[in-house]
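**Student:** Encoded as structure tokens, here's the structure I'll be asking about.
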Amino acid sequence: LCADDLPGVAPMAVRTEGLSYRFPNEQKYALRDISVNVPAGSSVAVVGPSGSGKSTLMAAIAGLFDKIEGQISYEEIPLNNWDLESLRHMIGDNLIQEDLFQGSLLDNLTLGRNIEFQKVQNAVRVVMLTSWIESLSHGYDTELQPLGKLLSRAVMRKILLARAIIHDPRLLLLEDFGRLKIKEWGEDIPRYLTAKERPWTMIVSTNDPDMVMHCDTIWYMEQGRIVDVCTWEEAKTRTWFKEEFPHTPC
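Residue numbering for the sequence shown follows my numbering, starting at 305 and increasing by one per position.
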């Protein structure tokens, strides 16, 4: 199946059933028996200690692993039935392995896809990058260096987030939003990304309380499992809350 088989731009529902995964040549499972349902248009924050499996889960949902145990479905269609290139086109992501490359700023934003320039401008405006681009003598044609050399960390993060949302994905996956976040955004970006009028379903791994509190649901992970599912208000009563958000009052 490809994107053309499912017309429209509605947010994508995602479901996993008994999802487990271990990396090649590893005996220990990185993910173990994960069964979750993500309704279309909802937002989920994935939290947990380092090494709990958050990054692996995000990669699995992005369809990056060849061999998984259990099932992942998108719009009630199993992963194996999808044309992976088409599926990836419907997903916007900012995973750890995503980076900038040598090429124009526009190519780094669009990844060479044919995207209406109005959408490019909108994404740039959302991440507060417009004034920086206006200051460049070559604007969108500015040549970027591999890995974003010579760019500030804030500008790199803005470009990467704009890239993730620029094509109005049906599923938005953001890994380690605390690493991506910059102070300038405050709560504006979390509020924008989780707003119900957005065209996507969002799953974000993060320890940033501003983002987590705006999400509909929280998944708390330990040792490759989702061991708690709750809301922000419910999370405040959990024993793990202070470990994850030590500077946030209950």
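Note that CB positions come from ideal geometry on N, CA and C, so glycine has one too.
(1) Nearest to His393 by CA position, among Ala366, His442, Glu402 and Leu323, is which residue?
(2) Three Cβ pairs or more, each shorter than 8 Å: is that satisfied between the region 338 to 351 and the region 506 to 524?
(3) For Tyr378, which beta-bridge partners are listed by DSSP?
(4) Closest to Leu404 by CA distance: which of Leu478, Leu465 and Asn329 is it?
(5) List, from N- to C-terminal side, the beta strand (DSSP E) runs of 3 residues or more that fit wholly inside the region 410 to 495.
(6) Specify the secondary structure class of Ser354 as computed by DSSP and reduced to three states.
(7) Out of Ser324, Glu479 and Ser356, point me to the one whose CA is closest to Asp532's CA.
(8) Taking 9 Å as the threshold (C-beta atoms), are Ile376 and Glu383 in contact?
(9) Met525 by DSSP, collapsed to three states: which one?
(10) Quick check on DSSP: helix, strand or coil for Ala349?
(11) Could you check if Lys332 is buried or exposed, using at least 16 other CB atoms within 10 Å of its CB as the buried criterion?
(12) Among Pro343, Lys453, Ser354 and Met316, which one has its Cα closest to the Cα of Lys391?
(13) Going by the DSSP bridge assignment, what does Ser509 pair with across the sheet?
(14) May I ask you to list the residues that DSSP assigns as paired with Tyr279?
(15) For Thr543, count neighbouring C-beta atoms within 10 Å of its own C-beta (all shown protein chains included) and say buried if the count is 16 or more, exposed if not.
(16) For the candidate residues Ile395, Gly374, Arg319 and Leu399, whose alpha-carbon lies nearest to that of Arg483?
(17) Where do the ends of the beta strand (DSSP E) carrying Glu395 lie?
**Tutor:** Result, derived from the coordinates:
(1) Ala366
(2) yes
(3) Val318 and Ile381
(4) Leu465
(5) 475 to 478
(6) coil
(7) Ser356
(8) With the sequence shown as reference, residue 383 is identified as Leu, and Glu is not the correct amino acid for it. Yes, Cβ-Cβ distance for Leu383 and Ile376 is below 9 Å.
(9) strand
(10) strand
(11) exposed
(12) For the record, residue 391 in the displayed sequence is Leu; it is not Lys. Answer by Cα proximity: Met316.
(13) Val350
(14) Not covered by the structure: residue 279. The range shown for the chain is 305 to 554.
(15) exposed
(16) Leu399
(17) Inspection of the sequence shows that residue 395 is occupied by Ile rather than by Glu. Looking at the DSSP string, the run of the beta strand (DSSP E) that includes Ile395 is Ile395 to Asn398.
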